[in-house]
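Q: Questions regarding the structure given below will be posed in turn.
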Amino acid sequence: MKDLPDEELFTAGHTACPGCGCPIMVRAAMKIFGPNTVCYFPANCLLVFGATYPQDAFKVPYLHVLFENSAVCASGIKRGLKKLGKGDVNVVAFAGDGGTADIGIQALSGAAERNEDIIYICYDNEAYMNTGIQRSGSTPHGAWTTTTPVGKKIAGKELYKKDVPRIMIAHDVPYVATASIGHPADMLRKLEKARDLKGFRYLQIFAPCPTGWRFDTAKTVQLAKMAVDCGLWTLYEAEDGKVTINKKPKMTPVKDYVKLQGRFRHMTDEQIDSLQEWANKKWERDSAMVIE
Amino acid sequence: MYEVRFHGRGGQGAVMAAQALASAAHIEGNYGVAFPFFGAERRGAPVLAFTRVDKDRIYTKTQIYEPDYVVILDDRLIELVNVAQGLKEIAVAVVNSQKKPEELDLGIPIKTGVVDATSVALEVLGAPITNSSILGAFAKTTGEVKIESIEGGIRDIFGHRIGEELGEKNAKAARAAYEKTEVGTCRGERKMEVKKQWLPTYKELPLGAATRPMQTDAGLVGPGSFIDNKTGSWRTFKPVYDKDKCNMCRFCWFYCPEGCIYDKKEEMVFDFDYCKGCGICANECPKEAIEMVRD
Ligand SMILES: Cc1ncc(C[n+]2csc(CCOP(=O)(O)OP(=O)(O)O)c2C)c(N)n1
Ligand SMILES: [Mg+2]
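Sequences listed follow chains G and Z, in order.
Residue numbers are given in my numbering: position 207 of the first sequence equals residue 207, and the series is strictly consecutive.
Residue numbers are given in my numbering: position 277 of the second sequence equals residue 1277, and the series is strictly consecutive.
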């Protein structure tokens, strides 16, 4: 962190909500990738708060096409640049969890299968935030969203969070990693590694959303750390399929994490138990990926 | 019929206030509709909401251009947006401000009710959410609707959205603000400059790129031009920094979503042109060298 450049390639003046986790990640990522980078965005919050034509927070070329096809467009741009003899340019797609886990997964899977030479970053705020908080495949069990409302029969999302990083590992790509804005050193190292490798690189970075999760804007980073501590988000990386766990979760009670967020306010002890059980299983599954 | 325009910031609940006012009107046997202005606005950015009330059924579906009442949830908006737009001399304003009506300049001298709704909200609700308090001031200033109906409207709309208990608390906030509202006449000297838009012809656009960094009549455009957009006015709280406690770990610099904390080698410097007051720096500082105080 001490060595990061002061220059901001993602400037102040962007219009993210106060306390948004996403720009923390984007600022850091742009410092690592440097000016020799082009970015691609599907529809998401970052696209809207990072640029409203003709104003723009990115100091590098920036493209916006469609919600479904971040990975496709990034692939095409990279191939084009290679033909022009500019193969050294980093091509990065920044997509939300909705644009990754649900609507963009087909394009993502295709690009991964072809081992396109791009970096794909999913910032995971666990719902479709830009359009006003609808559930995505990445929304955790129990969370309130406008499409998983709290009623008498059903309270919050019934299903569990989709494990996209593991789906990506199954594609046998050079690099897959999970990171969190609450663990800067780990995140920066992974961004660096992603920058320096070739082929398809996938990063999923956990970035809390005070507006959608309903918590005090000062607690964004604290909650990101707590999610890792309680095992709801594991930090690991897979290089050519070989998995390393970067931080063993302390397995603190999920309840402590849940308690601080309005989106979980309605949860009964039973629901919290189910979420806890899921966290335990997740750790079993994640740690089992490591082959000694 | 009367028409109301609410000026708020995304997240302040201007829309809920507009709805609660419509509900209050309904309690008194009137018809009421409330609706937001649709845009890509985030939390903290200026937004609009509207309420239209009539004795008879309302068939008008348009936005409100010449409101009878204008409600301003945050007096710093007066500097940013033209709150006087479409107002007639007989219009009435309701403002959340620590100032007196005579000290406010809305760009048109009209009857103005003022209450420090932020303080009321902090006191009654424990959070600077002013959308319920301001409705108390609306009842007091305009006399269009009884405070009891406002309380009812808040219980209805807020109660439904955030639970009965919080609904009741918000009704209390409205009542407290009602008692504290001061009515007078504001000044009308301000001339708002209409922000120019950059509307180039296709010939003026650079080939092969949407925009390059350029200075235009409408300000900077293109890559990096958001630096022109000062977001500092979004703040309710601001960080106060104690240099002596700081160990220059740079965590605040790293975690600041705006990137508006600068490392000046001997000390950290906070840029209040952009700071939105989220409080992450204070929360994460390992030396407790940063404290958030009311701005
Ligand atoms: C095909 C299509 N469907 C729907 C939309 C509307 N839309 C724009 S952004 C968005 C939500 C994006 O969610 P996510 O990818 O999680 O990013 P976030 O907003 O949370 O940052 C939606 C539904 C769209 N632009 N295109
Ligand atoms: Mg999302």
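Virtual Cβ for every residue (Gly too), placed ideally from N, Cα, C.
#1: Check whether chain Z comes within 8 Å of residue 5/G, counting only Cβ atoms and requiring the distance to be less than that.
#2: For residue 1172/Z, I'd like the list of residues in its chain whose CB is within less than 7 Å of its CB, leaving aside the five on either flank, ordered along the chain.
#3: What's the C-alpha gap between residue 36/G and residue 233/G?
#4: Could you check the C-alpha separation between residue 254/G and residue 197/G for me, to the nearest Å?
#5: Could you tell me which uninterrupted alpha helix (DSSP H) segments, each at least 4 residues in length, are contained entirely in the region 1218-1256 of chain Z, listed from first to last along the chain?
#6: If you run the structure through DSSP and keep just helix, strand and coil, what is residue 1170/Z?
#7: Using a Cβ cut-off of 9 Å, pull out every chain Z residue sitting near residue 58/G, in sequence order please.
#8: Rounded to whole angstroms, what is the Cα-Cα separation between residue 24/G and residue 88/G?
#9: Take the Cβ of residue 1206/Z as the centre, count every other Cβ of all protein chains shown within 10 Å, and call the residue buried at 16 or more, exposed below.
#10: Which runs of the alpha helix (DSSP H) at least 4 residues long sit entirely within the region 48-113 of chain G? Give them in chain order.
#11: Which term fits residue 58/G, buried or exposed, when burial requires 16 or more other beta carbons within 10 angstroms of its beta carbon?
#12: Using DSSP's beta-bridge definition, name the partner residues of residue 5/G.
#13: Taking 7 Å as the line, does the beta carbon of residue 120/G fall inside it for any heavy atom of ligand 2?
#14: Going by C-alpha distance, which of 248/G, 93/G and 153/G is nearest residue 26/G?
#15: Does residue 1074/Z have its Cβ less than 8 Å from a Cβ in chain B?
#16: Along the region 221-235 of chain G, what residues have a CB closer than 8 Å to any CB found in chain Z?
#17: What does the Cβ neighbour count give for residue 1240/Z, buried or exposed, with the cut at 16 atoms within 10 Å?
#18: Closer than 8 Å, Cβ to any Cβ of chain G: which residues of the region 1126-1139 of chain Z, in chain order?
#19: Tell me, please, whether the CB atom of residue 1043/Z is closer than 8 Å to any CB atom in chain G?
#20: If you draw a straight line from the alpha carbon of residue 1272/Z to that of residue 1265/Z, how long is it in whole angstroms?
#21: Does the distance from the CB of residue 164/G to the CB of residue 238/G come in under 8 Å?
#22: With a threshold of 8 Å between beta carbons, is residue 1250/Z in contact with chain G?
#23: Alpha carbon to alpha carbon, how far is residue 1154/Z from residue 1175/Z? Give it in angstroms, no decimals.
#24: Could you tell me whether any Cβ in chain G is nearer than 8 Å to the Cβ of residue 1049/Z?
#25: What number of angstroms, rounded off, separates the C-alpha of residue 104/G from the C-alpha of residue 122/G?
#26: Between residue 169/G and the rest of its own chain, which residues show a CB-CB distance below 6 Å, the 5 nearest in sequence each way excluded?
#27: List the endpoints of the continuous alpha helix (DSSP H) containing residue 1113/Z.
#28: Please check if any C-beta of chain Z sits within less than 8 Å of the C-beta of residue 340/G.
#29: State yes or no: is the beta carbon of residue 12/G nearer than 8 Å to at least one beta carbon in chain Z?
#30: Based on the DSSP secondary-structure assignment, which residues constitute the bridge partners of residue 1202/Z?
#31: Rounded to whole angstroms, what's the CA-CA distance from residue 40/G to residue 72/G? Just pull it up for me.
#32: Taking C-beta to C-beta, are residue 126/G and residue 140/G nearer than 8 Å?
#33: Go through its chain and collect everything with a Cβ distance to residue 1184/Z's Cβ below 7 Å, but skip five positions before and after it.
#34: Which residues bound the alpha helix (DSSP H) around residue 1158/Z?
#35: So what does DSSP say about residue 173/G, is it helix, strand or coil?
A: This is what the structure gives:
#1: no
#2: 1124
#3: Rounded to the nearest angstrom, the two C-alpha atoms are 31 Å apart.
#4: Here the C-alpha atom of residue 254/G lies approximately 35 Å from the C-alpha atom of residue 197/G.
#5: 1251-1255
#6: helix
#7: Ordered by position in chain Z, the residues that pass the 9 Å Cβ test against residue 58/G are 1223, 1224 and 1226.
#8: If I take the Cα positions, the gap works out to 26 Å.
#9: So residue 1206/Z counts as exposed.
#10: 70-83 and 105-113
#11: buried
#12: DSSP output for residue 5/G lists no bridge partner at all.
#13: no
#14: 93/G
#15: The chain inventory of the structure shown lacks chain B, comprising the protein chains G and Z.
#16: 221 and 222
#17: exposed
#18: Of all residues in the region 1126-1139 of chain Z, none has a Cβ within less than 8 Å of some Cβ in chain G.
#19: It does: the Cβ of residue 1043/Z has a partner Cβ on chain G nearer than 8 Å.
#20: Residue 1272/Z and residue 1265/Z have their C-alpha atoms roughly 19 Å apart.
#21: no
#22: Yes, because at least one Cβ of chain G sits closer than 8 Å to the Cβ of residue 1250/Z.
#23: 11 Å
#24: Not an interface residue.
#25: So the alpha carbons of these two residues sit roughly 11 Å apart.
#26: 176 and 238
#27: Note, residue 1113/Z: premise wrong, no alpha helix (DSSP H); beta strand (DSSP E) at 1111-1115.
#28: In the structure displayed, chain G extends from 1 to 292; residue 340/G sits before or after that span and is not available.
#29: yes
#30: Bridge partners of residue 1202/Z: none, in fact.
#31: Taking the straight line from one Cα to the other gives about 10 Å.
#32: Cβ distance < 8 Å, so residue 126/G and residue 140/G count as in contact.
#33: 1100, 1101, 1102 and 1112
#34: 1147-1162
#35: Shown here, residue 173/G sits in coil according to DSSP, grouped into three states, outside any helix or strand.
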